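Novice:
See below:
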């Protein structure tokens, strides 16, 4: 199939399959999947500027499907998601400004590539360790007091780092807000904005939706249950990616036909992925998330070693 | 007696869960096949004809193209979500 806007010839089956895999991962983990979509498009000859813009457009369509599904499952905290959008957009701008600065001062591809690999490896290692610790702790607790665990559904969630979130909840920096849908009695608005800003910063600096950093941050720092963090992250990505798509399309960086074809695969993948979260407990989802940043890191290292842009 | 009946209940529940899991896999597989057929029809009927019009819009006015691009991906997102949900519900009711 010929895609006239970006002037490339790609099999639609390839795009649908790529979309399906990314949709599946997105629906299950709440990540945009740009660390797979970007290299997947680049590999078949799509120019880099179109890769970035088109991937964002495809993320919009996919996030709508997955966020709506998560909303039906009660996994989206609209209030939290809306507040986070503000911090994210500010963070995206700050990250983009740093890129502009590095363009003049340093080898931007090398600096960004190394930062990306370090961030991805840190997240993966930390989540593997934390998920394993939490699963072990649950097993020990289940062995000693089976009765107390009765009534725990697949959505029951805890983390070996609950104390960090509890400390953050105790910070009394006004305005303090309530997040009943996430089960949080009181939290400083600034903590939410800071987490959103950091996620947005990585999105602007490293590209994509940066769900790989926002989702774990929501769980460990804000104390949001994993299922709600996944759903709310998708809701938030839907809004910030719409903003990104619009600005990139004006600059001529979006081949919407490629995004539409990819999205047909992503729609069904996201449905299956979101449904699958009902069958897994929080720590298991976090453990299953571990290989994803490693795949992203491997692609970046390959790109840096061969001279190809992998982002 | 009591232990025997408990074991019987557990076995029944286990068999029920296995059956439910198989039904879910079967319904998802049927959904994927039916959905693939719908997507192929969609490619030929809609996307094939959209190509020329979008290219024209892209060359003429980027701002209008940006609005159209966002509108198209959001509409497709909502449309396909409705289709996949309805399809899954319909197939599950048939399988059950």
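Chains as they are written, first to last, in the numbering used here: chain C, 25 to 335; chain U, 15 to 110. Even for Gly, the Cβ is constructed at its ideal location relative to N, Cα and C. Bear in mind that the values here come from a model prediction, so they are computed numbers and not experimental data.
(1) Return the residue from the list C/145, C/186 and C/140 that minimises the CA-CA distance to residue 157 of chain C.
(2) Classify residue 26 of chain C: buried if its beta carbon has 16 or more other beta carbons within 10 angstroms, exposed otherwise.
(3) Suppose contacts are defined by Cβ-Cβ distances below 8 Å. Is residue 223 of chain C in contact with residue 234 of chain C by that definition?
(4) So, with DSSP's three-state summary, where would you put residue 326 of chain C?
(5) Could you say which of C/91, C/102 and C/103 lies nearest to residue 88 of chain U if we only look at CA atoms?
(6) I'd like to know if residue 74 of chain U contacts chain C, where contact means its C-beta is closer than 8 Å to some C-beta of that chain.
(7) Give the range of the beta strand (DSSP E) segment to which residue 212 of chain C is assigned.
(8) Along the chain, where does the alpha helix (DSSP H) containing residue 39 of chain C start, and where does it finish?
(9) Please list, in chain order, the chain C residues whose beta carbon lies closer than 7 Å to that of residue 80 of chain U.
(10) To be precise: take each residue of the region 51 to 68 of chain U, compare its Cβ to all Cβ atoms of chain C, and keep it if any distance is under 8 Å. Which residues remain?
(11) Would you kindly work out how many angstroms separate the C-alpha atoms of residue 192 of chain C and residue 262 of chain C, rounded to a whole number?
(12) Could you check the C-alpha separation between residue 73 of chain C and residue 159 of chain C for me, to the nearest Å?
(13) Could you check where the alpha helix (DSSP H) with residue 200 of chain C kicks off and where it finishes?
(14) Are the CB atoms of residue 208 of chain C and residue 107 of chain C within a distance shorter than 8 Å?
(15) Would you say residue 288 of chain C lies against chain U (beta-carbon separation less than 8 Å)?
(16) Which same chain residues, not among the five before or five after residue 220 of chain C, have their C-beta less than 6 Å away from its C-beta?
(17) Does the separation of the CB atoms of residue 195 of chain C and residue 212 of chain C fall below 8 Å?
(18) Which residues bound the alpha helix (DSSP H) around residue 235 of chain C?
(19) Say whether chain U places a C-beta atom closer than 8 Å to the C-beta of residue 264 of chain C.
(20) Taking buried to mean at least 16 other C-beta atoms within 10 Å of its own C-beta, is residue 30 of chain C buried or exposed?
(21) Is there a Cβ of chain C sitting closer than 8 Å to that of residue 30 of chain U, yes or no?
(22) Taking the beta carbon of residue 238 of chain C as the centre, do at least 16 other beta carbons fall within 10 Å, making it buried, or is it exposed?
(23) Give the range of the alpha helix (DSSP H) segment to which residue 68 of chain C is assigned.
(24) Three or more beta-carbon pairs under 8 Å between the region 287 to 301 of chain C and the region 40 to 48 of chain C, yes or no?
(25) With a 10 Å radius around its C-beta and 16 neighbouring C-beta atoms as the bar for buried, classify residue 45 of chain U as buried or exposed.
(26) Within its chain, find whatever has a CB closer than 8 Å to the CB of residue 71 of chain U; leave out the 5 residues flanking it on each side and keep chain order.
(27) Have a look at residue 76 of chain C and residue 104 of chain C and give me their C-alpha separation to the nearest angstrom.
(28) Of the residues that make up the region 91 to 109 of chain C, which ones have a beta carbon closer than 8 Å to any beta carbon in chain U?
(29) Give the range of the alpha helix (DSSP H) segment to which residue 262 of chain C is assigned.
(30) Name, please, each residue of chain C whose Cβ falls closer than 8 Å to the Cβ of residue 46 of chain U.
(31) Looking at the C-beta of residue 43 of chain U, does it have a partner C-beta in chain C at a distance below 8 Å?
(32) Suppose the cutoff is 6 Å on Cβ atoms and the five residues either side in sequence are ignored; what does the same chain contact list for residue 271 of chain C look like?
(33) Are any of the Cβ atoms in chain C nearer than 8 Å to that of residue 77 of chain U?
(34) Helix, strand or coil for residue 100 of chain C? Go by DSSP, reduced to three states.
(35) Using a Cβ-Cβ cut-off of 8 Å (strictly less than) and excluding sequence neighbours within five positions of residue 40 of chain C, which residues of its own chain qualify?
(36) Would you kindly work out how many angstroms separate the C-alpha atoms of residue 201 of chain C and residue 210 of chain C, rounded to a whole number?
Specialist: Concretely, from the data shown:
(1) C/186
(2) exposed
(3) yes
(4) helix
(5) C/91
(6) no
(7) 208 to 212
(8) 36 to 53
(9) 270, 273 and 274
(10) Per Cβ criterion, the list reads 53, 56, 57, 61, 64, 65, 66 and 68.
(11) 27 Å
(12) 42 Å
(13) Note, residue 200 of chain C: premise wrong, no alpha helix (DSSP H); beta strand (DSSP E) at 200 to 203.
(14) no
(15) Closer than 8 Å to some Cβ of chain U, the Cβ of residue 288 of chain C qualifies, so yes.
(16) Its chain contains 108, 111 and 112 as the residues whose beta carbon lies nearer than 6 Å to that of residue 220 of chain C, once the 5 sequence neighbours on both sides are disregarded; these appear in chain order.
(17) yes
(18) 235 to 244 is the span of the alpha helix (DSSP H), which, as asked, contains residue 235 of chain C.
(19) no
(20) buried
(21) Residue confidence is low: residue 30 of chain U scores 47 on pLDDT, short of 50, so the model does not pin down where it sits. Its coordinate-derived value is still stated next. Not closer than 8 Å to any Cβ of chain C, the Cβ of residue 30 of chain U fails to qualify, so no.
(22) By the beta-carbon neighbour count (other beta carbons within 10 angstroms, threshold 16), residue 238 of chain C is buried.
(23) Where residue 68 of chain C is concerned, there is no enclosing alpha helix (DSSP H), given that its DSSP letter is neither H nor E.
(24) yes
(25) buried
(26) 78, 79 and 82
(27) 27 Å
(28) 92 and 93
(29) 250 to 274
(30) The answer, in chain order, is 292.
(31) no
(32) none
(33) yes
(34) coil
(35) If you ignore the 5 residues before and after residue 40 of chain C, its C-beta comes within less than 8 Å of the C-beta of 285, 286, 288 and 289, all in its own chain and listed in chain order.
(36) 5 Å
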